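Below is one structure, written out as structure tokens; the observations come after it.
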Amino acid sequence: MIQNAQPKANPDQMARRSAIFFAVLLAFAFLLMPWRNATSGPNTGMGLLRIGTEYGAFSLLIFLVPLAALAGFAAGFSQRIAPHSPTFFQIAARVGGAAGLIYVAVAMIYGLQTTGSVGGMLSVQGMGIWVTLFTAAGLIGLTYNPNVTFIIVWIGVSFFFVQGIRREMTLFPLWSSIAFPMLTISPFLVLSIKMPRAAQIALLVLVVCVLLPMVGIEDTFYLELIIQISIFAAMAIGLNIVIGFAGLLDLGYIAFFAVGAYLWGMFTSTAADTVFKTSNALASPDAFWLFLLLGVIAAGITGVLLGLPVLRLRGDYLAIVTLGFGEIIRILVSNLSNISSNPIRRVNLTNGAQGLPGIAHPILPQGLYDLVKSIAAAIGVPLNTQSSVEAVTLQLFFYFLVLTVGGIAVIIAARLDNSPIGRAWTAIREDEVAAVAMGVPRVRMKLLAFAMGASFAGAMGVIFAAKQSFVSPESFSFIQSIFILVIVIVGGMGSIRGVLLGAVVVTLLNLQVLKNFSLLINSLKNLDWVVPIINFPIRNWPSQLEPARYERLVFGVLLIVMMIYRPEGISPAKRRRMEMQEAADQTLEEAAAEGAPRPGMDKIE
Amino acid sequence: MKAAKYLALVIALALVGSFVTAPVASAQDAKVIKIASHSPLSGGQSLLGTAIRNGVELAIEQYKKPIEDMGFTVEFVPFDDQATPDVGVSNAQNIVNDPAILALVGHLNSGVAIPSSEVYNRADLAMVSPANTNVNVTDRGYPTVNRVCGRDDAQGAAGAQYAVEKLGSKKVYVLHDKTAYGEGVATFFAQAMEAAGVEVLGFEGTTEAANFDAIITPIAALEPDLIYFGGIYNQAAVFFKQARDKGIKANFMGPDGMDGSDLAKIAGEAVVGLVYTSAAGPASVYPAAEKFVEDYKAKFTINPEAYAAEGYASTQIVLAAIEKVLSENGGAMPTRADVAKAIRATTDFDTVIGKISFDANGDPKVATYYILQVKNADPAKWGENELVSSVTAPSPLTAKEMMEGGMEATPEATKSN
Amino acid sequence: MPALQRAGNWINLYILKPIGQILVFVVVSAAIMSALALLLGAVLNTPWHGIDLLKTRKGIDLFNQVVKQLPDMLLDGISIGFVYAVIALGYTMVYGVLRFINFAHSEIFMVGGVIGFEVMTRLGEANALSTMPPLFVILLMILMAMAFCGILAVVIERIAYKPLRGAPKLVPLISAIGVSFLLTDVVRAVQALSRNVFNMPYPLDRVGNPPRIFDLISFDPITQLSKGQQFLNPPFLQTRIPLVGNLTTNMTTVIIIVSAIIMVVGLNYFVNATKLGKGIRAVSQDQTTAALMGINVNQMITLTFLIGGALGGAAGVLFGLKVANITPYIGFFPGLKAFTAAVLGGIGNITGALLGGILLGLLEAFFSALLPFFPALGTGYSDIFAFSVLILVLLFRPTGLLGKKEDEKV
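Listed below in structure tokens is the structure:
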């Protein structure tokens with residue numbers, strides 16, 4: 011499936027593995043997924059497997075569907091391995107495919123019976139369509155590139171999964187935190203699977219520019235998530251230049267984000283009086299684009315300013331200085347509300363801890379609002395009020411803006427990585443002394459790394475301030491720097507794709523999955539659910555242990571487990587992976603050395 | 514062969530496309546009304562955030578009966594904003610997309626409340642704040658944003674008035690915790706003190722939570738007769754204790770963030786005599802408060818910390834408004850806009866912290882500040898703090914109306930014992 | 140006679156010399172800081188070239204203020220500086236051996252504070268707090284915290300760091316961040332379940348003080364405090380200890396300084412004079428060679444974590460005694476400061492941690508206490524100045540004050 015992940019696995023094994031994986035996934039989805047409309051009351055919706063209801067009759071049939079898909083996929087893969095030998099899998103595929111088709115027919119008839127309309131027939135709770143999709147995909151898999159089929163099915167499954175679940179469902183938090191991450195990681199699957207370039211681009215555009223915004227219009231929470239993911243991704247790309255490429259550990263990266271955010275905030279907020287308020291011309295929302303550029307420049311300059319004093323420092327000394335620098339910026343913005351010698355009548359730049367409210371966002375043309383409104387209506391989500399049209403349009407605007415800026419960042423970073431500059435950074439990272447001896451201009455290269463990294467954060471800061479319409483020092487704490495660092499490490503240091511994936515995984519984990527877990531427990535509590543087998547009424551769970559309060563704990567455990575089992579990150583750079591392998595070998599050697607006779611041992615003990 | 518590939522692709526895309534236009538069915542007969550709480554449940558501020566959450570849960574438990582009698586289920590959903598604006602905004606989006614959530618009680622930090630309420634307001638979702646005293650929260654004039662607590666400017670002034678008139682302070686030192694809340698209320702206190710001709714010896718903000726030695730040294734050298742701490746009790750208590758230990762003899766004063774029995778538990782003797790202003794009426798004025806404390810203790814086995822009562826009161830208002838809308842529209846699922854309107858229309862509603870009416874901005878029309886003095890170092894006797902005075906302060910809008918009506922708009926103090 | 144001489148040498152080498160060194164550090168840093176503060180006070184006493192930022196508060200004679208506050212600032216700075224130093228030792232030892240920033244050390248420090256609270260509260264519940272000898276109570280708290288935190292650090296090392304040996308430096312750092320999240324929340328959960336508390340105040344006033352009936356209805360803090368009547372017995376930890384002239388300090392400060400000195404001297408002895416200490420030093424020099432010399436590297440690393448954790452735990456108790464209240468989130472800032480102190484002194488260097496701690500404590504005390512007299516700046520800027528000093532020092536000495544220049548492999 012993901013060829014990069016297991017370079018040594020043999021193709022046959024791969025085929026079987028992915029087939030099994032897919033079967034499990036589908037079985038899970040079909041057995042448990044609560045379908046759109048399938049909920050008859052607020053607290054039902056435990057999926058199709060509801061014995062004793064009209065849906066119960068279907069549950070048996072439904073087992074056949076994953077079987078069909080399993081067979082289809084396995085067949086597709088096995089055909090690639092041995093194209094001319096009809097195998098067990100191929101036979102199974104045909105049987106499964108046929109079963110699927112029968113199922114579709116039955117489902118359609120049932121739909122017609124219960125709803126009495128063609129719409130109902132097509133959407134027997136959406137099932138007919140789903141099954142068609144799978145069967146079709148399975149059949150295509152027999153004849154065509156199984157990789158493309160796989161990814162299409164993946165995207166289809168996750169997209170309709172996201173669409174099919176409704177907030178009213180008790181288990182909504184669970185479904186949504188499976189479905190939405192599935193959809194958001196699909197671009198990475200597209201990238202990591204071998205397929206024609208055109209198909210790859212088409213699928214990427216489909217997911218990133220069509221499906222995700224569409225889901226976002228329906229449920230603006232998803233829109234918010236993808237914006238925040240993109241913001242963090244762009245910042246992680248910047249930090250990756252500093253840490254991953256040039257090997258300079260920066261623990262105060264959020265400072266540059268603050269520079270951008272406060273730059274725009276100070277000039278347009280309603281609260282920053284005395285100095286900037288008089289110059290209203292500068293505070294026009296039209297200046298946004300100019301300020302986006304200024305944010306890049308200002309953050310870049312700040313990066314150089316930080317870089318200059320720390321050029322001689324190495325490793326952990328650098329870490330503490332950058333950490334201190336981040337704190338200095340944060341303390342400055344929370345103190346620059348009073349820069350006169352009179353303690354109470356203040357000269358106010360940043361409004362201190364109060365934060366800057368009412369920050370402007372760029373004014374969008376009316377046509378854009380209308381366009382969004384009609385698109386929303388076309389996909390069946392009428393936006394009734396003016397404020398909701400505005401909100402969705404703005405959010406979409408910010409999403410595409412962040413996407414564009416982030417895309418530029420990705421391109422720049424990718425080009426840099428393969429350029430003489432990138433090689434110079436690598437040289438400095440691997441061996442500074444040797445690099446300098448070979449004529450790498452150390453000072454210039456290090457400053458460039460800081461400036462480049464910082465400038466991405468600066469641009470994101472400007473956008474963030476405009477999007478939030480409010481900034482306060484709380485957004486720029488040390489923990490935020492750590493958060494971005496975690497994205498880089500978890501994703502795979504030095505690898506652009508890895509860092510992007512890290513942003514998706516970590517941000518979703520923090521903002522969606524862990525939150526949803528708490529919500530799930532809460533709604534089960536409201537339902538008076540009793541844990542089967544151990545017979546524990548969940549209502550008796552002490553409120554001191556409410557999961558909403560321990561999201562950080564789960565996050566911490568995940569970090570530890572991740573570092574132990576996959577220290578190179580989810581999608582590491584090639585070089586990094588090689589280093590890891592080297593390190594592992596070294597550890598083995600050390601272990602061997604330890605096992606050797608130790609003459610002085612008794613003395614030490 | 515190539516054509517076949519593209520054909521397959523097109524078929525797949527067409528399949529995908531056809532579902533996009535598939536009719537979107539809406540769920541029927543979802544008779545669930547959810548009320549959310551949104552406050553920091555993890556992190557250093559989780560103590561107060563949890564108090565708000567608990568207050569909301571208790572109120573829903575006790576007052577959901579009339580709504581449930583109309584055929585609805587009332588559910589409680591707690592959210593954790595981690596005291597971080599990004600998380601708050603993201604949660605806010607999550608909240609507004611759940612159609613069953615009709616109102617929320619929330620936010621401890623104004624820094625989180627302000628950006629999050631932009632989201633609520635666009636979705637017509639009413640927010641009742643138990644703790645955001647920052648003036649910017651309501652001054653934006655949103656129809657959905659309300660608060661039961663007073664405003665920083667009013668509270669600072671109320672404290673200053675008492676300090677000048679009753680304590681006779683001449684030299685005051687003002688400290689705050691560098692949060693929107695602490696800095697806000699301390700600024701207004703200091704301004705009011707200066708306006709009253711009191712010498713403000715210092716106005717300092719610190720994020721220090723544990724070791725105040727270095728901050729106390731200059732205070733000791735300046736010898737103020739009153740120290741005002743704009744902040745929350747678990748930080749303030751440590752400061753007060755260390756200040757007394759260092760031999761500072763000044764009076765102590767603080768805003769409603771002091772209202773928690775842990776203040777006495779941490780600082781002990783040091784805070785006996787401390788004066789604080791609070792928008793929540795003490796049990797001696799509102800007998801309902803006493804029952805609330807008992808119920809809270811029974812359910813959560815701890816004393817209600819600061820803002821628990823405000824969270825409870827906010828929920829009382831929300832539930833009453835929903836009930837009103839339900840009875841008016843004959844038991845149909847209320848819309849958010851209706852609920853927001855009903856909440857804004859709250860007039861003279863009896864809550865556990867006093868009677869509340871909202872003005873057009875969502876501020877309490879007339880905020881009454883109770884000025885209380887700690888009488889006992891025993892945390893169990895926190896409820897026995899003595900009410901030494903009370904100050905009523907009309908909200909800016911009400912004051913404006915009163916001015917136009919030719920009435921006196923200055924805060925008036927009434928000595929109650 | 141030779142035995143006596145040897146004993147004398149031993150005392151000289153392992154007790155007197157380190158104590159002398161500490162004294163020199165304290166006296167020299169205190170003297171430099173005082174001189175600078177006095178100089179600054181004299182220069183800035185009159186408005187300086189009309190720069191608004193440097194204007195002092197109206198009616199304040201800065202020089203006099205500095206003189207008035209000097210003893211307090213020095214004592215505050217030194218006492219918190221010793222706490223920082225003890226925490227910094229934990230960072231620096233682990234760094235010296237593994238070249239890795241143990242981010243979770245600040246949480247281990249916090250756990251130490253919690254253990255201190257537990258011991259004290261349990262003694263209080265058993266009515267033993269007021270009757271037991273106060274110093275014994277404190278010793279018990281420190282020892283319990285040391286034992287618990289030492290073991291905790293070793294367990295953490297086994298689970299979260301050991302599998303990551305040999306991985307790039309950032310990997311264990313992230314793991315340590317995970318541990319740090321985990322520990323704060325576990326402590327919060329345990330305290331919420333067992334006592335349903337968040338704040339963990341030390342019942343300090345009850346140490347060596349019989350329980351008193353709360354009879355304070357007519358209590359007036361101002362008049363009674365000035366008459367010194369509020370306590371039947373002065374609480375042990377508030378006992379004033381006379382220093383030079385009429386300058387006094389309280390028992391807590393003395394306990395902190397004395398126990399910190401004992402720990403530093405003990406650690407110095409252990410590292411420099413025992414075989415295990417030699418082993419640790421060898422491992423910190425070169426792991427592979429140490430292994431070839433027959434030293435069990437794993438054992439030495441475990442030992443390092445044990446000692447570092449124990450010191451962190453002890454520091455937690457000392458901090459708790461000083462600030463009177465512990466919360467699950469208390470560790471972060473002292474941890475950050477201590478880490479800064481370790482870097483300031485030269486990370487990996489035990490003496491450096493001590494010097495860095497004392498210096499940082501003094502810097503903090505001086506800045507926090509003097510900045511309020513500059514209304515355009517204020518206490519809020521004290522951390523900025525502290526970090527600026529750090530950056531300045533590193534500019535001129537890139538490996539810290541006492542750090543050795545790192546070898547550059549060519």
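Protein chains in written order, with my numbering: chain A, 11 to 615; chain S, 514 to 930; chain L, 140 to 549. The beta carbon of each residue, even a glycine, is placed where N, CA and C say it ideally should be. Note that the structure is predicted; figures quoted are calculated from it, not measured.
Under 7 Å between beta-carbons, which chain L residues line up against residue i? List them in chain order, please.
| i | result |
| --- | --- |
| N724 (chain S) | I219, K461 and V462 |
| V751 (chain S) | V462, A463 and N464 |
Please list the partners that residue i has in chain A, where partner means a Cβ-to-Cβ separation under 7 Å.
| i | result |
| --- | --- |
| E588 (chain S) | N536 |
| G697 (chain S) | Q364 |
| R1004 (chain S) | A query on residue 1004 (chain S) cannot be resolved here, the shown segment of chain S reaching from 514 to 930 and no further. |
| A331 (chain L) | Q554 |
| G624 (chain S) | G365, S482 and E484 |
| A639 (chain S) | Within 7 Å Cβ-Cβ: nothing; A639 (chain S) doesn't reach chain A, min ~14 Å. |
Cβ closer than 9 Å: which chain A residues qualify as neighbours of residue i?
| i | result |
| --- | --- |
| T597 (chain S) | E484, S485, S487, I489 and Q490 |
Listing by chain order, which chain S residues have their CB less than 7 Å from the CB of residue i?
| i | result |
| --- | --- |
| D229 (chain A) | N610 |
| V507 (chain L) | Before going further, note that residue 507 (chain L) is Ser rather than Val in the sequence given. In chain order: A727 and I728. |
| S581 (chain A) | What S581 (chain A) touches in chain S: nothing, since even the nearest Cβ is about 24 Å away. |
| P340 (chain L) | K778 and I779 |
Going by DSSP, what residues sit across from residue i in a beta bridge?
| i | result |
| --- | --- |
| Q886 (chain S) | S:V788 and S:E899 |
| I869 (chain S) | S:F862 |
| Y686 (chain S) | S:G715 and S:I740 |
| P591 (chain S) | S:S550 |
| I570 (chain A) | Paired residues: none, contrary to the question. |
| L617 (chain S) | S:A549 and S:M640 |
| I465 (chain L) | L:M339 |
Show which residues of chain L have a CB atom less than 9 Å away from the CB atom of residue i.
| i | result |
| --- | --- |
| S344 (chain A) | G519 |
| E337 (chain A) | L475, D522, I523 and F526 |
| T864 (chain S) | Going along chain L, no residue has its Cβ under 9 Å from T864 (chain S), so there is no contact; the nearest lies around 26 Å. |
How would you list, in chain order, the residues of chain S whose beta-carbon sits under 9 Å from the beta-carbon of residue i?
| i | result |
| --- | --- |
| Q204 (chain L) | P731, A734 and L735 |
Which residues in chain S have a C-beta closer than 8 Å to the C-beta of residue i? List them in chain order.
| i | result |
| --- | --- |
| P367 (chain A) | I627, N649 and R653 |
Could you name the residues of chain A that residue i contacts, counting a contact when the two beta carbons are closer than 8 Å?
| i | result |
| --- | --- |
| S314 (chain L) | L569, I570, M573 and I574 |
So if I threshold CB-CB distances at 8 Å, which residues from the segment 447-477 of chain L count as touching chain S?
From the segment 447-477 of chain L, only F458, K461, V462, A463, N464, T466, Y468, I469, F472 and P473 have a Cβ closer than 8 Å to chain S.
Do the segment 696-712 of chain S and the segment 737-748 of chain S make contact, defined as three or more Cβ pairs closer than 8 Å?
Touching, yes, given that three or more Cβ pairs across the two stretches are closer than 8 Å.
Taking any Cβ of chain L, which residues in the segment 560-573 of chain S have a Cβ under 7 Å from it, in chain order?
Answer set for the segment 560-573 of chain S: L560.
Return the residues of the segment 540-568 of chain A that lie within a Cβ-Cβ distance of less than 7 Å from chain L, sorted by chain order.
Cβ contacts with chain L come from P552, Q554, L555, Y560, R562, L563, F565, G566 and V567.
Quick test of the definition: if touching needs 3 or more C-beta pairs under 8 Å, does the segment 579-598 of chain S touch the segment 527-543 of chain A?
Segments in contact, yes.
Within 8 Å of chain S by C-beta, residues of the segment 413-440 of chain A in sequence order
From the segment 413-440 of chain A, no residue has a Cβ closer than 8 Å to chain S.
Tell me, please, whether the segment 685-692 of chain S touches the segment 610-620 of chain S by the rule of three or more beta-carbon pairs shorter than 8 Å.
Verdict: no, contact absent.
Contact the segment 305-320 of chain A vs the segment 455-468 of chain A: 3+ CB pairs below 8 Å:
Yes, the segment 305-320 of chain A is in contact with the segment 455-468 of chain A.
Pairing CB atoms from the segment 360-378 of chain A with CB atoms from the segment 399-415 of chain A, are three or more of them under 8 Å?
Yes, since at least three Cβ pairs between the segment 360-378 of chain A and the segment 399-415 of chain A fall closer than 8 Å, the two stretches touch.
Contact set between the segment 237-261 of chain A and chain S, restricted to residues whose Cβ is under 8 Å from the partner
So the list reads Q238, given in the order they occur along the chain.
Touching by the beta-carbon criterion (3+ pairs, under 8 Å), the segment 294-312 of chain L and the segment 573-586 of chain A:
The segment 294-312 of chain L makes contact with the segment 573-586 of chain A, as at least three CB pairs between them are under 8 Å.
In the segment 165-181 of chain A, which residues sit with their C-beta less than 9 Å from some C-beta in chain S, listed in chain order?
Within the segment 165-181 of chain A, the residues whose Cβ lies closer than 9 Å to some Cβ of chain S are I165, G166, F169, F170, Q173, R176, R177, E178 and M179, listed in chain order.
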